[in-house]
Amino acid sequence: MEITIALAGNPNSGKTTLFNALTGSSQRVGNWPGVTVDKKVGKLKKYKDVAVIDLPGVYSLSPYTLEEVVSRDFLINEKPDAVINLVDGTNIERNLFLTTQLLDVGIPVVVALNMMDAVKKAGDRIDTEKLSGLLGCPVAEISALRGDGLSDLARIAVETAQAQSKTTKSAEASLAAAPAVSGGRFSEPTETALRALAELIRAYTSPETRRWYAIKLFERDEKALALLGLPATVAAEAEGLIALCEETLDDSSESIITGEAYVYVSRITDACVEKVQVEMSASDKIDAIVTNRWLGIPVFVAAMFVVYFVSVTTVGTFVTDFTNDMVIGGGIQAPLAEFLLSVGTAEWLTGLVVDGIVGGVGAVVGFLPQLLILFFFLAILEDCGYMARVAFLMDRVFRKFGLSGKSFIPLLIGTGCGVPGIMAARTIEQRRDRRMTIITTTFMPCGAKLPMIALIAGALLQNAWWVAPSAYFLGFASVVVTGVMLKKTKPFAGDPAPFVMELPPYHFPTASNIGHSMLERASAFAKKAATVYTLASILVWFASSFGFDGDGAFGMAQDLNSSVLYYIGNSFAWIFSPLGFGDWQPAVASVMGLAAKEDVVAVFGILTSIGDADAAFSLAETADMAALAPVAALFSGPLAAYAFLAFNLLCAPCFAAMNTIRQEMRNPRWTLAAIGYECGFAYVVALLIYQFGCFFGGRGFTAGTAAACVLLAALLFLMFRPAPKYKKEHPHAASHS
Amino acid sequence: MSLTLKDVPVGQSATILKIGGEGAVKRRIMDMGITKGAEVSVRKVAPLGDPIEIRVRGYELSLRKSDAEMITVTADKDMTGETWK
Chain A
5 MEITIALAGN PNSGKTTLFN ALTGSSQRVG NWPGVTVDKK VGKLKKYKDV
55 AVIDLPGVYS LSPYTLEEVV SRDFLINEKP DAVINLVDGT NIERNLFLTT
105 QLLDVGIPVV VALNMMDAVK KAGDRIDTEK LSGLLGCPVA EISALRGDGL
155 SDLARIAVET AQAQSKTTKS AEASLAAAPA VSGGRFSEPT ETALRALAEL
205 IRAYTSPETR RWYAIKLFER DEKALALLGL PATVAAEAEG LIALCEETLD
255 DSSESIITGE AYVYVSRITD ACVEKVQVEM SASDKIDAIV TNRWLGIPVF
305 VAAMFVVYFV SVTTVGTFVT DFTNDMVIGG GIQAPLAEFL LSVGTAEWLT
355 GLVVDGIVGG VGAVVGFLPQ LLILFFFLAI LEDCGYMARV AFLMDRVFRK
405 FGLSGKSFIP LLIGTGCGVP GIMAARTIEQ RRDRRMTIIT TTFMPCGAKL
455 PMIALIAGAL LQNAWWVAPS AYFLGFASVV VTGVMLKKTK PFAGDPAPFV
505 MELPPYHFPT ASNIGHSMLE RASAFAKKAA TVYTLASILV WFASSFGFDG
555 DGAFGMAQDL NSSVLYYIGN SFAWIFSPLG FGDWQPAVAS VMGLAAKEDV
605 VAVFGILTSI GDADAAFSLA ETADMAALAP VAALFSGPLA AYAFLAFNLL
655 CAPCFAAMNT IRQEMRNPRW TLAAIGYECG FAYVVALLIY QFGCFFGGRG
705 FTAGTAAACV LLAALLFLMF RPAPKYKKEH PHAASHS
Chain B
67 MSLTLKDVPV GQSATILKIG GEGAVKRRIM DMGITKGAEV SVRKVAPLGD
117 PIEIRVRGYE LSLRKSDAEM ITVTADKDMT GETWK
């Protein structure tokens with residue numbers, strides 16, 4: 005018989021560490037049904053048939069955030085055999101608040117008192133036996149980080165779960181006879197009301213869940229009540245009882261429950277915990293510098309610079325070049341082509357496999373080492389607790405344009421690769437902020453856009469120093485403008501989401517947590533490379549290698565000029581005329597950019613016969629004006645080239661990133677809206693750059709200038725109009741995505 | 067005008083009297099341990115002037131001034147028995 009044990013606890017209580025330690029390498033990461041919250045499942049080490057389910061880190065079982073709803077639904081509907089509740093011993097009071105709610109659910113709870121090594125080191129004392137007695141559940145002292153007490157914890161949890169499943173049947177009979185509600189956690193008026201409510205819903209609930217539902221009914225928790233389906237007469241009677249209690253205690257019912265639960269927790273901690281008073285903890289000392297009024301921002305800028313410099317430019321470029329040239333190019337492509345030809349494979353098939361699939365996917369996989377370095381740094385920053393400080397420092401800035409302090413992290417990751425960047429938006433609780441972050445993340449120039457920037461700068465702009473910084477500026481400005489504009493539209497309107505965030509104590513990052521985090525993000529990226537990119541690579545290869553010859557017969561194209569891609573590019577190149585690049589080559593390059601952004605450079609390389617992708621890359625790096633002249637000839641001038649650059653930086657990201665947007669939005673309309681908005685915004689920006697550039701360059705006032713004026717006026721209006729008043733969303737509507 | 071958490075100067079502490087607002091925001095604030103009778107001290111203000119960092123129930127919490135404004139408090143006495151207000 006299989007036993008299921010759920011792992012619940014506050015964020016920052018060491019839950020990931022404990023889960024990794026309990027399950028080792030047996031874990032699988034998935035999604036909770038219908039929402040983008042990670043669901044991790046693993047097998048308990050050294051036990052047969054014991055599954056451990058890692059619930060999202062939550063502070064409470066309220067119905068307001070996705071994580072809380074997912075946790076509640078699992079506990080109520082799936083009824084695990086036991087819950088291991090991880091409690092941070094160094095922050096016991098707030099952690100035990102969740103414990104009281106878990107105990108109310110009616111599933112056996114085992115409290116795992118974590119970080120006991122730190123508690124003892126600080127000289128604090130926790131009387132675990134007394135705590136266990138007061139809570140009425142087993143308490144095990146552990147240190148997840150050092151692996152102390154874990155086998156005891158596992159044994160207790162399994163025993164508790166087994167005892168539960170053995171006694172369930174007989175217990176049901178005896179419980180039915182016993183008083184409906186036990187325990188006296190709350191004040192007398194509240195307990196009286198709860199007892200009456202429990203009696204009222206006796207017919208609608210099982211004995212184990214009766215108290216939970218009575219409390220939820222008292223709190224007027226709509227999500228829980230929907231499950232009960234009480235008749236109107238019963239609901240009205242309940243409402244009378246609740247209102248009476250609210251009048252007696254002069255507070256709203258929800259506040260009464262939360263407030264009194266904390267009173268109860270304080271009583272327990274007063275009895276069991278002895279704390280040594282300290283003036284300045286180690287974390288306080290670090291924060292004295294890191295979140296200092298004057299030093300906070302410089303430290304932050306320096307930290308981000310180091311992360312970016314190492315992972316994107318120096319070491320990152322080195323390993324990426326190495327992977328691309330030595331491993332994929334020399335190590336796989338060349339020998340593979342030789343082998344395929346030697347065994348008599350048709351030329352087109354060799355081309356498809358070597359250039360199409362291996363070359364296409366390889367170009368993407370080539371970024372993996374660079375991403376790993378970026379993920380490594382991010383894992384350190386997350387694990388040690390600095391990311392919360394980043395949100396603390398940046399909240400003021402980001403709130404101004406409809407994002408939250410936590411949006412900085414996706415944007416930062418987005419400068420490496422948009423796929424993990426968009427995925428990082430999951431940490432943003434508020435649906436509105438999360439959507440806005442997903443839409444704007446890919447405005448930041450990712451690693452694959454850098455060769456394109458270098459090529460344009462080298463070919464047409466005398467390799468001016470300002471081109472690359474301007475790309476980042478343009479990206480960030482687009483985030484800001486988008487935020488300010490969309491904040492005033494209906495789907496994003498409303499009061500800013502609450503920003504009530506714990507600043508956890510700093511701790512030394514652990515190798516296993518960093519390893520797990522890097523692996524998770526990298527495998528998400530690799531999976532997409534293997535699926536989306538393979539398909540996209542085949543399609544692009546096909547479109548560029550096949551076409552109509554002079555007689556109109558379909559077959560392998562001699563060059564790109566007669567390929568399917570040429571016809572596609574030619575058919576809509578006119579769309580880009582107002583932006584200054586209405587020829588088919590830039591149009592084709594832009595389309596190829598959807599497969600992978602570095603393909604833009606590769607296309608120019610092939611189209612202008614300056615060489616294949618590799619040659620184009622190296623020319624872009626050396627910025628050899630003479631050699632790049634054929635590329636320059638494709639554009640009417642630097643202005644058109646810059647408009648082209650702006651469009652390709654801001655328009656829809658590559659297929660992999662678009663697919664990630666689809667997965668994270670979990671809504672086809674939002675996905676289309678996001679991608680459509682990005683393309684439209686890119687078009688407008690490129691048009692403004694080109695048309696105003698021409699006008700101020702002395703071309704005179706044309707229809708194009710007029711159009712640009714209208715668009716600019718519209719943009720400014722959308723940015724600076726007073727926010728319209730929309731009907732307020734129901735406050736109880738939880739942020740389901 | 068009653069005193070709110072927003073008015074508490076850095077380095078001073080206060081006791082929570084009442085939490086205003088409603089729905090998700092209020093519940094979230096209370097879930098984090100800011101409940102009637104809890105003692106809080108204001109630790110610092112973020113470099114850009116918002117949010118603030120407070121200490122409540124033995125841990126550090128940050129919240130925006132606009133949220134702090136909804137929390138009514140009374141000033142705590144210091145060691146000399148004087149309040150800062």
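Protein sequence lines correspond, in order, to chains A and B.
For the first sequence, the numbering used here begins at 5 and goes up steadily by one.
For the second sequence, the numbering used here begins at 67 and goes up steadily by one.
All residues carry an ideal CB built from backbone N, CA and C; glycine is no exception.
Asked: Go ahead and label alanine 177 of chain A buried or exposed: buried means 16 or more other beta carbons lie within 10 angstroms of its beta carbon, across all protein chains shown.; Found: For alanine 177 of chain A, the predicted model reports a pLDDT of 40, less than 50, meaning its position is unreliable; a value from the coordinates is still stated below. Result: exposed.
Asked: Assign glutamate 135 of chain B to one of three DSSP states: helix, strand, or coil.; Found: coil
Asked: Determine the burial state of alanine 463 of chain A: buried for a count of at least 16 other Cβ atoms within 10 Å of its Cβ, exposed for fewer.; Found: buried
Asked: When you compare only the Cα positions, how much space is there between leucine 179 of chain A and glycine 263 of chain A?; Found: With a pLDDT of 42 at leucine 179 of chain A, under the threshold of 50, the predicted position of this residue should be treated as unreliable, and no value is reported.
Asked: So phenylalanine 651 of chain A packs on leucine 598 of chain A, CB below 8 Å; how close in whole Å?; Found: Not quite, the Cβ-Cβ distance comes to about 12 Å (not below 8 Å), so this is no contact.
Asked: Is the beta carbon of valine 358 of chain A closer than 9 Å to that of leucine 340 of chain A?; Found: yes
Asked: Does the pairing of the segment 130-149 of chain B with the segment 69-89 of chain B give three or more beta-carbon distances under 8 Å?; Found: yes
Asked: How about aspartate 131 of chain A: is its C-beta nearer than 9 Å to some C-beta of chain B?; Found: no
Asked: Output needed for serine 411 of chain A: all residues of its chain with C-beta closer than 6 Å, excluding positions within five of it in sequence on either side, in chain order.; Found: Phe402 and Thr441
Asked: Could you compute how far the alpha carbon of alanine 645 of chain A sits from the alpha carbon of isoleucine 460 of chain A?; Found: 7 Å
Asked: Would you mind working out which of A/Thr706, A/Arg673, A/Phe190 and A/Val62 sits nearest tyrosine 266 of chain A, comparing C-alpha positions?; Found: A/Phe190
Asked: Closer than 9 Å between beta carbons: that is the criterion. Which residues of the segment 100-129 of chain B meet it against chain A?; Found: Ile100, Thr101, Lys102, Gly103, Ala104, Arg109, Lys110, Val111, Ala112, Pro113, Leu114, Gly115, Asp116, Pro117, Glu119, Val122, Arg123, Gly124, Tyr125, Glu126, Leu127, Ser128 and Leu129
Asked: Leaving out five residues on either side along the sequence, give the residues of the same chain with a beta carbon under 6 Å from the beta carbon of serine 107 of chain B.; Found: Ser79 and Arg121
Asked: From the DSSP output, read off the bridge partner residues of serine 567 of chain A.; Found: A/Gly551
Asked: Please report whether the beta-carbon of proline 508 of chain A lies at a distance below 9 Å from any beta-carbon of chain B.; Found: yes
Asked: So, does the segment 291-298 of chain A touch the segment 390-399 of chain A, judging by three or more C-beta pairs under 8 Å?; Found: yes
Asked: Could you give the distance in angstroms between the alpha-carbon of valine 362 of chain A and the alpha-carbon of leucine 127 of chain B?; Found: 50 Å
Asked: With the cut-off set at 9 Å, would you say methionine 448 of chain A and phenylalanine 405 of chain A are in Cβ contact?; Found: no
Asked: Can you tell me whether tyrosine 730 of chain A is buried or exposed, with buried defined as 16 or more other CB within 10 angstroms of its CB?; Found: exposed
Asked: Name the chain B residues that come within less than 9 Å of aspartate 399 of chain A, Cβ to Cβ?; Found: Ala112, Leu114, Asp116, Pro117, Ser128 and Arg130
Asked: Would alanine 141 of chain B count as contacting chain A if we go by Cβ distances under 9 Å?; Found: no
Asked: Give me whichever residues DSSP pairs with threonine 81 of chain B in a beta bridge.; Found: B/Glu105 and B/Thr140
Asked: So, does the CB of lysine 92 of chain B fall closer than 9 Å to a CB anywhere in chain A?; Found: yes
Asked: So for isoleucine 384 of chain A, helix, strand or coil by DSSP?; Found: helix
Asked: Just to confirm the assignment, what range does the beta strand (DSSP E) spanning phenylalanine 558 of chain A have?; Found: 558-560
Asked: Using a C-beta to C-beta distance shorter than 7 Å, which residues of chain B count as neighbours of isoleucine 572 of chain A?; Found: In chain order: nothing, as chain B lies at least about 48 Å away.
Asked: My output table needs one value for serine 474 of chain A: the three-state DSSP class, helix, strand or coil.; Found: helix
Asked: Please work out which residues of its chain come closer than 8 Å, Cβ to Cβ, to serine 257 of chain A, disregarding the five sequence neighbours upstream and downstream, and give them in chain order.; Found: Phe222, Glu223, Arg224, Ile246, Cys249 and Glu250
Asked: Just to confirm my understanding: we take isoleucine 665 of chain A, look at its own chain, exclude 5 residues before and 5 after, and list those with CB closer than 7 Å. What are they?; Found: Ile426, Ile442, Thr675, Ala678 and Ile679
Asked: Do you know how far the Cα of alanine 116 of chain A is from the Cα of serine 521 of chain A?; Found: 23 Å
Asked: If you measure beta-carbon to beta-carbon, which residues of the segment 47-67 of chain A are closer than 8 Å to chain B?; Found: Tyr63, Ser64 and Ser66
Asked: Where glutamate 602 of chain A and proline 455 of chain A are concerned, what is the direct C-alpha to C-alpha distance, given to the nearest angstrom?; Found: 7 Å
Asked: Could you check the C-alpha separation between isoleucine 130 of chain A and glutamate 105 of chain B for me, to the nearest Å?; Found: 21 Å
Asked: By the DSSP assignment, the beta strand (DSSP E) with valine 504 of chain A in it spans what residues?; Found: 504-506
Asked: Ends of the beta strand (DSSP E) at serine 259 of chain A?; Found: Unbroken run through serine 259 of chain A is the alpha helix (DSSP H), 257-276; no beta strand (DSSP E).
Asked: Can you grab the Cα-Cα spacing for the pair lysine 47 of chain A / asparagine 81 of chain A, in whole Å?; Found: 21 Å
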